[in-house]
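Residue numbers for the sequence shown follow the working numbering, beginning at 2 and rising by one.
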Amino acid sequence: MAVHYETQFTNVGGRVGESVAIDNTFKLDQPGEDGKMAPGATNPEQLFAASLASCYNGAFLYHMEAAGKKSDVKFIVTVYLEDDPNYEGTMRVRAVCKVNAPELTKEEIKDFLEKAQTTSPYTKMFNGGAILENVVE
């Protein structure tokens, strides 16, 4: 199986800690223990929303252009960290994607969204299309 991209981060301290790209090209300062965001800090949900928006929109644009359609397309992704009703005391991620494409009909937008969900690696995660491997060192 071909790997098309790879990146690594280390984290110390969990949600109140620090995450750094292994090559030091990116550092994520997370909220402190009081939950307040420091200026310039972000959190995993913000990064996931940005990743989902760009990947899903990219797949949408691919299918739109393959169909010979044109439109400015804007994805607004909201990510929620919420209680998981299936596992008491745990949380889950929920994402809501709003799409604005003024030159397309609602039916076309729905069609391209369905197609994009089958090609975007980030949307596939919601349907069990991701693999998590745990390695104990």
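We treat Cβ as the ideally placed atom computed from N, Cα and C, and that holds for glycine.
Excluding sequence positions up to five away, which residues of its chain have a Cβ less than 7 Å from the Cβ of Tyr-123? Ser-52, Leu-53, Cys-56, Tyr-57
Those runs of the beta strand (DSSP E) which lie wholly inside the stretch 58-117 and span at least 3 residues: 75-84, 92-101
What is the rounded straight-line gap between the Cα of Ser-20 and the Cα of Asn-44? Our two residues, Ser-20 and Asn-44, have alpha carbons roughly 10 Å apart in a direct line.
Quick check: the Cα distance between Tyr-81 and Ala-50, rounded to an integer number of angstroms? If I take the Cα positions, the gap works out to 9 Å.
If you measure between the beta carbons of Ala-60 and Ala-22, is that distance less than 7 Å? no
Excluding sequence positions up to five away, which residues of its chain have a Cβ less than 6 Å from the Cβ of Thr-8? Taken in chain order, the list of residues that qualify is empty.
What are the boundary residues of the alpha helix (DSSP H) that Thr-11 is part of? Counting along the chain, Thr-11 falls outside any alpha helix (DSSP H), though it belongs to the beta strand (DSSP E) covering 10-13.
Please name the residue, chosen from His-5, Glu-66, Leu-29, that lies closest to Val-13 on a Cα-to-Cα basis. Comparing Cα positions, the closest option is Leu-29.
Rounded to whole angstroms, what's the CA-CA distance from Gly-69 to Val-4? Just pull it up for me. 30 Å
Does the separation of the CB atoms of Phe-127 and Val-100 fall below 7 Å? The criterion of a C-beta distance shorter than 7 Å is not satisfied by Phe-127 and Val-100.
Give me the residue from Thr-106, Glu-109, Gln-47, Thr-79 with the minimum Cα distance to Ala-96. Per the Cα distances, Thr-79.
How about Glu-108 and Ser-72: are their beta carbons less than 7 Å apart? Not a contact, by the Cβ cut-off of 7 Å.
I'd like the span of the alpha helix (DSSP H) that includes Tyr-123, first residue to last. 122-125
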